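Numbering (the working numbering), first residue to last: 569 to 730.
Following: one structure in structure tokens, then a few remarks.
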């Protein structure tokens, strides 16, 4: 309890110590929404939102490739035509936005760089080369007509937990 007319030792200590440390974190009284909140489900993205989402990802990918010196053998100029690469880059982009959000407690950037180290081999595998002299489409696997429906129905009628 403070006594009127007497200095408050806690306030004095806080004022003195303030000169020795970083500024206090920003107020956490703002939005309770998720940090980042920029996750894109490319599978469910409506055409009306596509151009803006692609442009945001492109700006980030181009910055990322230069900043982190990522070679064209990992991210080729036609990266946007390689679905698996788009998914990996999009996930890294979303994580980067969240990690560097001003509301982050300070561990986000370190965590993002740890995840980047894990993601780099996946980025390389997602592309796997082949477009050095122009884009080459990858023919995706097709499930049309491959599942025996009678066998599927028989199998899925039981839990198979034992």
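Ideal Cβ positions, reconstructed from N, Cα and C, are used throughout, including at glycine.
Only a predicted model underlies this, so the values are computations on that prediction, with no experimental measurement involved.
Got a sec? Which residues, its chain only, sit under 8 Å from residue i by beta carbon, not counting five neighbours each side?
| i | result |
| --- | --- |
| residue 622 | 648 |
| residue 653 | 643, 647, 691, 694 and 695 |
| residue 720 | none |
Rounded to a whole number of angstroms, what is the C-alpha to C-alpha distance between residue i and residue j?
| i | j | result |
| --- | --- | --- |
| residue 671 | residue 665 | 11 Å |
| residue 677 | residue 662 | 13 Å |
| residue 732 | residue 656 | With the chain covering only 569 through 730, there is no way to say anything about residue 732. |
| residue 722 | residue 620 | 45 Å |
| residue 708 | residue 651 | 10 Å |
| residue 718 | residue 724 | 10 Å |
Which of the three DSSP states, helix, strand or coil, is assigned to residue i?
| i | result |
| --- | --- |
| residue 715 | coil |
| residue 724 | helix |
| residue 693 | helix |
| residue 615 | helix |
| residue 631 | helix |
By Cβ distance, which residues of its chain are closer than 7 Å to residue i, with the 5 residues on each side in sequence left out?
| i | result |
| --- | --- |
| residue 658 | 608, 610 and 625 |
| residue 703 | 646 and 649 |
| residue 613 | 621 |
| residue 697 | 641 |
| residue 606 | 662 and 665 |
| residue 636 | none |
| residue 675 | none |
Report yes or no: is there a C-beta of chain B within less than 7 Å of the C-beta of residue i?
| i | result |
| --- | --- |
| residue 617 | Chain labels in this structure do not include chain B; a single protein chain is all it has. |
Comparing alpha-carbon positions, which option in the options lies nearest residue i?
| i | options | result |
| --- | --- | --- |
| residue 638 | 729, 688, 726 and 715 | 688 |
| residue 631 | 616, 617 and 660 | 660 |
Please return the same chain residues whose Cβ sits closer than 6 Å to the Cβ of residue i, not counting the five positions on each side in sequence.
| i | result |
| --- | --- |
| residue 629 | 657 |
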